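Q: Chains as they are written, first to last, in this note's numbering: chain A, 1 to 366; chain B, 367 to 653; chain C, 654 to 889; chain D, 890 to 1433; chain E, 1434 to 1770.
Even glycine gets a Cβ: it sits at the ideal position worked out from N, Cα and C.
No experiment lies behind these values; they were computed from the predicted model shown.
Dumping the structure here so I can ask a few things about it.
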Ligand SMILES: Nc1ncnc2c1ncn2[C@@H]1O[C@H](COP(=O)(O)OP(=O)(O)OP(=O)(O)O)[C@@H](O)[C@H]1O
Ligand SMILES: Nc1ncnc2c1ncn2[C@@H]1O[C@H](COP(=O)(O)OP(=O)(O)OP(=O)(O)O)[C@@H](O)[C@H]1O
Ligand SMILES: CC(C)C[C@H](N)C(=O)O
Ligand SMILES: [Mg+2]
Ligand SMILES: [Mg+2]
């Protein structure tokens, strides 16, 4: 039995470990499903979870370790685009393929790395989708833009802004903040400028606190965000404040899944193994790992059922057509972006998440 | 003080005034600690500043050395105004001092302490130190030589490699003197050098101070409460009280000044108690 | 009042006291003299609990106090004017005095003693609200002594009380010492460089040299001792 | 005077451990090589191979190997044995293991980077006694200096200026130059004016300093604009061989920033300085995050080039390195050289008039000044020297990572470097290097491997070792400090001060709370670098 | 933008800055107390205060269903948090700082950092066992309602404040009142009681205070108890004001609060409060600089927005310290030479 490993990179400690562990756990479930199949081929399949603490330097160090461990053929990860970018660069020379379950920043694949793929839509789709929602359904004529000053949040808002400007919408404000607790100055400004809606590119743990304080100050206009809001915690933190909140997400909500019964099975397995309910990034961690494993299998097959080289896996990954996923079939274009990705617009009201609409995203190139 | 009143030091080359202070004043909040004091220190003399506790003596030194900025007044060292200079610039200009409360560098041994005193005189700079140029080696050697010389001079040669804080109190005072001397000063200010010394040690100190003047040619100005030391050592004495100069003159003049007796020396002090010493061992006989 | 039995004290590995035996009888003034680094200060520190002897014992009024923390020893009626005065620099003169009376609870008594201190040292009254740290050296010395008297100690340890004081005040200090001893029966252990003065007020005296008691006995005898005169009194 | 301790202790006779050293080196090298080389591992019995492959075990093996260098340094052994072990380990075994496992090289470079940072901070904190909590800013300056020019970012900057206001270039440049000269001149006059700083002089000084900064910025901007007008974009940055030049430029840049930050604040004492440096460190990071035109903001800069030396690459190729490993291999040796230079510089400065002046101001600013040590100038030199070490390593970091973003320069990094310095031994060169190595190994090898090794076990997430890194690291920090408060390899000075070489029966050890506590001299004499130059003795306002 | 809109806006900005400042101020007091006696930046204080916040959260959570009066719940939460944080602080001092009393002062600084890291994980683990990470305060009804505001119907003071453009929620008023009360109590304790004098004496010279009959260790423990209790209060106030805490929330406010303590003059109690208020207001003003720039037609100010809040505050700190090197209310540390 030759040992064959895939790895995950995601934050397992620190403030975002909740999302990061979901990715790892989801991936583990997928690996568990495939162990038998690999065993038949003579491989001992396993997953190693690396922690990036949501920090680029730590993520890169993990990537270097992975690069050095020749039994690791591919990587599922990361959560944060800011980490994915340097980590994939560190893996590129060793041809370790990466499949991202969560990274939306354009730069992740725009650099043209051969090893970097993702199964989620890009921010240049997510941004316009958010913008369309703002002007369409919400009929906003003026929007206040906020971001969290990270690669993800700021990148996303840049896209939203571009789209809004193209529609001649008034930008009431556009600023970033790293603050996690106190938003009084920003809220005063919002009260002064009276926008029709707010767009906040960032993550739930910050936006939840923000929106709660916002509502307490009597500002009830809708708030729209990106996939960073995709966590039940958003409601826990924001409480009633998270009503009238909408977000675009790339990780599918349960009701939008193509394979509902399968999803149920995965969800059950997840709660059994980890004592928690599966959420969007758990599902996408699962899917990304499945894509990865199918890519590896393809490479194995191409190599005559022998252990493939990393380069072979890298090539196979780009051309794999992964099926049996919860979010539908995955195929990558030449840049590593998912050819037909979906995006979902969710709304939060009365503390409940409901699917507002689904958007199909087709990649412009092949 | 008039030139005529100045004691003749018998050293023609060394005449003139080295330090000349006019109207020096320091006000702390509402308190005038030093009030309009004038002082001239003859070159190569040993002079003293005395006065009751809190008279402003230490403050006076602090102004001269740039640690406090005077509220008004001038300080001239060989014609250069020192007011406004930083302490290190004053040192470079040629005045070194010791402190009433000993301030040695605790983690350094005696030799290093004294070498720091040489800082401003060393030619080697940053680049020299990095590249270990010839100038660097010369400077280091100079620092070390001067340090050893000064340690020997004050009699601490054997404690060269002893941590400064491990020395007994009296030796720490001597170490401070050595450190001050290493700056090659023209004038050294000693703030209560004999405090904490017993009479015997004070005797040794007395001869050390004389040697500073005689062997090194350094002018000495000291603050002291030990009247035996002051009266036998000083050529000229200035008395401060409540910040103002209340008397000045030769030791015997000051000793018999009623104002000084009342404010400072106390009853019966003048009569002879401190006087007998002077007649026995006056005028640098011990040098 | 106080007895030292074979006290050994170390600083790190420096053996500063090498078996000191001494007795301070009730109501007496005892002088401790010796050259630089002889261990006088160390002896006082060991008595007041600032240092812990490694060997031997310090007995105060029949109780072994070696190893007891300083603050407890002080509460037993001891007071220590430390070397270097150790005024609280950021407390005012009055606060320094009040803190000296930390163990006294009666506010009236405290006030009385402050006033008493002021009569000893009028300068302190003038500067009641000046920060201790900005006082001149001699002024601090006065404050340190006044502070130690705030508790009306049974046993007073004085480490070079005359240091830095003007001649006038040196006399004053010795007057105070004598007065305290006479009027209040305060037992006093006095360390002095000014050995002549110290021996003139003390009844008994100990001469320390490199951590050992070299001589002890009647103060006036010691003042006459040839070697003492030579070594400490600066007479040859 | 017998109580005075002799100046130097007679050397304690320890057995010569040359042989042990070499044997250990051989064993650990063999272990390391075997555990990294999959071909060899494959030949081992699978149980053993699996054991060696366990991340935790692998990490321990690596640690053990690196510890050899420490042994070689510390143990009493003949010089040739020390040199042999040290030399072979650094120049042969480590690169060899790195060929099989680049993360070893990565770790080694990272240790080197942090060692240099610690050495730099050691000058500021350990020697000069200035607590700097924003030290990582200088690292950032170095990293961005190369990051911007060594990547396509410079092209973007030029394009930006070409599109906006390129023709204003000459005006801006001349304006900047004039401002620069005027303010520099006024700064000089202000400095010449004798007299302590009055508020007016303070303002004037501040304005002039501000003018100076603006002048420099304008000048630089003007030059960029001038260049931009004729530029046609640089998609991949400037020629990577400028790397060498930028090593020097980064030193200059970081040192200048050090002086700029230092000038206004070095007059402050103790913790005031600490918090200000912390703040200014954040300022640099936030500026990097906000000045997107130059730094690409939160998106970070990538890819960043690195020099490559053809003959070196062919050498690497010849000994079996793959092309993707060339850069790491190359940087490893560059780091070795830089570290050697930095250590040398450090030792030379330490043992010079400057080093003495640093320690003097650390111990007693007033006395130092009175002995002729110019306070601000001496502190500035410390700041600038420390900064320059960080600056040069910033370049290496940018070249190694190929990516930099403001997130790499957060406050925690400054704190981390500080902990390396204190852990290793304030003021001790070998100490802080060891401190850097220990903390770095813990943070990027041992602690993560703990999580990786237990990844497949089913442990409740709350107590999963992978998530307990802070807890474990924190406990190690606390434990090490409690057991060795003077640091792992204390400086001679420190050791003397803390009586580390005391006889064991000494009752004044720090652990002995009553004796130690109540010993005034212990409290007073222990030097207190950083936080406040004032120790207990001074607070007492009396003699020591 | 005209004056009529700008004025109430600025009032609002300043008032919210002041409320924010009160929270910082109380945290800052915890730093200042400990710093005062040991000259130690107690890096672990941020977790001590988070502990208070967590305890407060638990109290409100447990009492959430009950009929109890909201203010009583608050009182219980405050007391519980004070006790928990105070005891924790004492424990930290005993284990991590006391053995290092005589070590160089950077050494306890590092153990403080270590303790801070340990506590972060411990808090996370404890709450993690109940499946919680971000803890959101469940406040009694009425706490989040407006106390005063432009369109509020509140009577009396609230109405008056509302008319001059101040809008506050009840909980914000609570924050201010609790902060003021603790400040007054602390100031009285430290500056006007015998105990306070002893604390200051120990702060200046531990050994000599022993000679005054003061039990320095006892006083230090007491100071940690008080500092910790203040941390507990500030934790609950933090939870009230911002709504959510987690194990890592302490770091940022901790840094700001320590900055506030330095700005005000470290060691000074009124200084810490003033520093907190000044920082709170300045942060908020810097956050709205772009609006002001717009109103004043100064285009270049437009780039200064919330992302500069923090560093703007630091730059102001630099400016102030250049002119007042010991902080706003810090007594200049006169050193007699
Ligand atoms: N920073 C200060 N603030 C307020 N008053 C001060 C300050 N420094 C000194 N003083 C006061 O000024 C006066 C002069 O002090 P100074 O130290 O010069 O006296 P001195 O003559 O050296 O006395 P001594 O012989 O006791 O050392 C004293 O009364 C002292 O209290
Ligand atoms: N803090 C200390 N650390 C190390 N050694 C010390 C310390 N304090 C004193 N010593 C040493 O202990 C010995 C006794 O010192 P001590 O201070 O008791 O002497 P002393 O008789 O009071 O002298 P002095 O007249 O100078 O005050 C001396 O050798 C001194 O060097
Ligand atoms: C969890 C998500 C907010 C991650 C985000 N989409 C990113 O690319 O960084
Ligand atoms: Mg004086
Ligand atoms: Mg003594």
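Return yes when at least one heavy atom of ligand 5 lies under 7 Å from the C-beta of residue 812/C, else no.
A: Along the third chain, read from residue 1 onward, the residue named residue 812/C stands at position 159. Yes, ligand 5 has a heavy atom inside 7 Å of this Cβ.
Q: Starting from the Cα of residue 890/C, find the closest Cα among 860/C, 796/C, 794/C and give me that residue.
A: Only positions 654 to 889 of chain C appear in this structure, which leaves residue 890/C out of reach.
Q: Leaving out five residues before and five after residue 707/C in sequence, what residues of the same chain have Cβ atoms less than 7 Å from its Cβ?
A: Residue 707/C sits at position 54 when you count from the first residue of the third chain. Correct list, in chain order: 661, 662, 663.
Q: Beta carbon of residue 463/B, beta carbon of residue 425/B: below 8 Å?
A: Here residue 463/B is taken as the residue at index 97 of the second chain, counted from 1. Here residue 425/B is taken as the residue at index 59 of the second chain, counted from 1. Their beta carbons are not under 8 Å apart, which means residue 463/B does not touch residue 425/B by this criterion.
Q: Between residue 1646/E and chain D, is any beta-carbon pair separated by less than 8 Å?
A: Taking the fifth chain and counting its residues from 1, one reaches residue 1646/E at position 213. No, because no Cβ of chain D sits closer than 8 Å to the Cβ of residue 1646/E.
Q: For residue 725/C, is the classification buried or exposed, using 16 other Cβ atoms within 10 angstroms of its Cβ as the cut-off for buried?
A: Translated into the one-based positions of the third chain, residue 725/C becomes position 72. Exposed, since its Cβ has fewer than 16 Cβ neighbours within 10 Å.
Q: Whole angstroms are fine: how far does the CA of residue 1315/D sit from the CA of residue 897/D?
A: Translated into positions along the fourth chain, residue 897/D becomes position 8. Translated into positions along the fourth chain, residue 1315/D becomes position 426. At residue 897/D, the pLDDT of 41 sits below 50, so the modelled position is not reliable; the number obtained from the coordinates is stated separately. Whole-angstrom Cα-Cα distance: 22 Å.
Q: Residues around ligand 3, please: the condition is that the C-beta lies closer than 6 Å to some non-hydrogen atom of it.
A: In chain order, the qualifying residues are 19/A, 79/A, 80/A, 81/A, 102/A, 103/A, 104/A, 105/A, 152/A, 203/A, 227/A, 228/A.
Q: As an exercise, report each continuous beta strand (DSSP E) stretch of at least 3 residues that is fully enclosed by the stretch 164 to 199 of chain A, in chain order.
A: Qualifying beta strand (DSSP E) stretches, in chain order: 170 to 176.
Q: Hey, could you find the ends of the alpha helix (DSSP H) residue 302/A is sitting in?
A: For the purposes of this step, residue 302/A is taken as residue 302 along the first chain, with counting starting at 1. Counting along the chain, the alpha helix (DSSP H) containing residue 302/A begins and ends at 280 to 302.
Q: Can you name the residues that DSSP bridges to residue 394/B?
A: Taking the second chain and counting its residues from 1, the one referred to as residue 394/B is at position 28. According to DSSP, which records beta bridges pairwise, residue 394/B is partnered with 397/B.
Q: Give every residue of the same chain whose Cβ lies closer than 8 Å to the Cβ of residue 642/B, excluding the five residues on either side of it in the sequence, and list them in chain order.
A: Stepping through the second chain from its first residue, residue 642/B is reached at position 276. With a pLDDT of only 40 at residue 642/B, under the threshold of 50, the placement of this residue in the model should not be trusted; the figure read from the coordinates follows. The answer is none, since no qualifying residue turns up.
Q: With DSSP collapsed to three states, give me the class of residue 1555/E.
A: The count along the fifth chain starts at 1 and reaches residue 1555/E at position 122. Of the three classes helix, strand and coil, the one that applies to residue 1555/E here is helix, per DSSP.
Q: Go ahead and pull the three-state DSSP assignment for residue 613/B.
A: Start at 1 with the first residue of the second chain, and residue 613/B comes out as number 247. Residue 613/B falls in the strand class under three-state DSSP.
Q: Among residues of its own chain, excluding the 5 on either side of residue 1104/D, which ones have a beta-carbon nearer than 7 Å to its beta-carbon?
A: Against the fourth chain, residue 1104/D aligns to sequence position 215. Cβ within range, chain order: 1065, 1068, 1069, 1072.
Q: Between the Cα of residue 960/D and the Cα atoms of 947/D, 949/D, 974/D, which residue gives the shortest distance?
A: Position 71 of the fourth chain holds residue 960/D. Selected option, being the one with the closest Cα: 974/D.
Q: Just to confirm, are residue 625/B and residue 598/B a CB contact at a threshold of 8 Å?
A: Locating residue 625/B in the second chain gives position 259, where the first residue counts as 1. Locating residue 598/B in the second chain gives position 232, where the first residue counts as 1. No, the Cβ-Cβ distance between residue 625/B and residue 598/B is not below 8 Å.
Q: So, does the CB of residue 883/D fall closer than 8 Å to a CB anywhere in chain A?
A: This structure leaves residue 883/D out entirely; chain D is present only between 890 and 1433.
Q: Measure the C-alpha to C-alpha separation of residue 1152/D and residue 1725/E and round it to an integer number of angstroms.
A: In the fourth chain, counting from the first residue as 1, residue 1152/D sits at position 263. In the fifth chain, counting from the first residue as 1, residue 1725/E sits at position 292. Going by the C-alpha atoms only, they are around 31 Å apart.
Q: Below 8 Å on the Cβ atoms is my contact criterion, and I expect residue 23/A with residue 285/A to pass it. Report the Cβ-Cβ distance as a whole number of Å.
A: Counted from its first residue, the first chain places residue 23/A at position 23. Counted from its first residue, the first chain places residue 285/A at position 285. The Cβ separation is near 4 Å, so the contact holds.
Q: Quick one: is residue 873/C near chain E, going by C-beta distance under 8 Å?
A: Along the third chain, read from residue 1 onward, the residue named residue 873/C stands at position 220. No, residue 873/C lies away from the interface with chain E (no Cβ there is under 8 Å from its Cβ).
Q: Less than 7 Å between the CB of residue 693/C and some heavy atom of ligand 5, yes or no?
A: Taking the third chain and counting its residues from 1, the one referred to as residue 693/C is at position 40. Answer for residue 693/C: yes, Cβ within range of ligand 5.
Q: Between residue 1472/E and chain C, is any beta-carbon pair separated by less than 8 Å?
A: Numbered from its first residue, the fifth chain carries residue 1472/E at position 39. For residue 1472/E, the answer is no, since every Cβ of chain C falls outside 8 Å of its Cβ.
Q: CB-CB under 7 Å to residue 1640/E, same chain, minus the five flanking residues each way: which ones, in chain order?
A: Position 207 of the fifth chain, counting from 1, holds the residue named residue 1640/E. Within the same chain, residue 1640/E has no close Cβ partners at all.
Q: Against chain B, with Cβ distances strictly below 8 Å, would residue 1016/D count as a contact?
A: Stepping through the fourth chain from its first residue, residue 1016/D is reached at position 127. With 8 Å as the cut-off, residue 1016/D does not count as an interface residue toward chain B.
Q: Is the separation between the beta-carbon of residue 1174/D and that of residue 1299/D shorter than 8 Å?
A: Position 285 of the fourth chain, counted from the first residue, corresponds to residue 1174/D. Position 410 of the fourth chain, counted from the first residue, corresponds to residue 1299/D. The answer is yes: Cβ separation under 8 Å.
Q: Given a threshold of 16 other Cβ atoms within 10 Å of its Cβ, counted over all protein chains shown, does residue 836/D qualify as buried or as exposed?
A: The structure shown does not extend to residue 836/D, since chain D is modelled only from 890 through 1433, so no value can be given for it.
Q: Jot down the residue ranges of each uninterrupted beta strand (DSSP E) in the stretch 1515 to 1594 of chain E, minimum 3 residues, whole runs only, in chain order.
A: Listed in chain order, they are 1579 to 1581.
Q: Give me the DSSP bridge partner(s) of residue 602/B.
A: For the purposes of this step, residue 602/B is taken as the residue at position 236 of the second chain. In DSSP, residue 602/B forms a bridge with 413/B.
Q: How many angstroms separate the CA atom of residue 1248/D from the CA atom of residue 478/B?
A: The residue labelled residue 1248/D in the question sits at position 359 within the fourth chain. The residue labelled residue 478/B in the question sits at position 112 within the second chain. Taking the straight line joining both Cα atoms gives about 10 Å.
Q: Could you name the residues of the stretch 1528 to 1549 of chain E whose beta carbon sits closer than 9 Å to any beta carbon of chain A, in the order they occur along the chain?
A: Under the 9 Å Cβ criterion, the stretch 1528 to 1549 of chain E contributes no residue.
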